[in-house]
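In this note's numbering, the protein residues as written are 53 to 262.
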């Protein structure tokens, strides 16, 4: 009788374990990581005939998902970024006004980056780096851009991703802003610096194989 009960419990335990394995693996590809708004930053750096300038994008959202095997990240699966161009702000109100006019934020307020492909991805312990290609929509015009990045897994469970990319405003149909009757002219090239923090829960993950 006791032997029979042990066999029954063994079968039940085996069934439960199999169900758990099917539910949790292999891989967690497609799970979305959400941007932590309080710590994330996108800053535009530019030049002008009088002084260098910078503006920060104050309203934005970003999500991404990784390609994973087990609990190890092997690549980028998708990225989706949206920002409100009208939220670009500096410490100069005139600069803000001219930038919003140049970007035609009254007609095209949304900045969008949509992931297309992964050019490279290199994991190294608790860090990783790579390059992604995506479509960037700015001022109503869309262009393909290549964005290098590097990232790391933090002790608090968050993921930090940072990088920078240079863009020419005229590639997106944007005339570099001018002010003070043309005496202040901004340069065409803008350097976009980004730092994102992402979180998804309590599961620990590693960038490289053990």
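Yeah, the Cβ is synthetic: ideal placement off N, Cα and C, and Gly gets one too.
Can you give me the C-alpha to C-alpha distance between residue i and residue j, rounded to a whole angstrom?
| i | j | result |
| --- | --- | --- |
| residue 228 | residue 151 | 8 Å |
| residue 83 | residue 100 | 43 Å |
| residue 240 | residue 165 | 20 Å |
| residue 93 | residue 246 | 6 Å |
| residue 201 | residue 153 | 30 Å |
| residue 216 | residue 194 | 19 Å |
| residue 144 | residue 96 | 14 Å |
| residue 210 | residue 114 | 14 Å |
| residue 220 | residue 105 | 15 Å |
| residue 230 | residue 218 | 20 Å |
| residue 157 | residue 123 | 42 Å |
| residue 176 | residue 103 | 40 Å |
| residue 207 | residue 236 | 46 Å |
| residue 171 | residue 149 | 37 Å |
| residue 178 | residue 125 | 10 Å |
Just to confirm, is the Cβ distance from residue i to residue j under 8 Å?
| i | j | result |
| --- | --- | --- |
| residue 19 | residue 87 | Nothing in the structure corresponds to residue 19, since the chain is present only between 53 and 262. |
| residue 85 | residue 252 | yes |
| residue 238 | residue 127 | no |
| residue 130 | residue 117 | yes |
| residue 213 | residue 173 | no |
| residue 159 | residue 192 | yes |
| residue 198 | residue 222 | no |
| residue 133 | residue 147 | no |
| residue 109 | residue 226 | no |
Just confirm the distance between the C-beta atoms of residue i and residue j, as a whole number of angstroms; I'd bet it's less than 8 Å.
| i | j | result |
| --- | --- | --- |
| residue 142 | residue 107 | 5 Å |
| residue 180 | residue 203 | 5 Å |
| residue 168 | residue 196 | 7 Å |
On the CB-based measure, 16 or more other CB atoms within 10 Å of its CB, does residue i come out buried or exposed?
| i | result |
| --- | --- |
| residue 163 | buried |
| residue 120 | buried |
| residue 188 | buried |
| residue 190 | buried |
Any heavy atom of the ligand ATP closer than 7 Å to the beta-carbon of residue i?
| i | result |
| --- | --- |
| residue 196 | You won't find the ligand ATP in this model; it holds no ligand whatsoever. |
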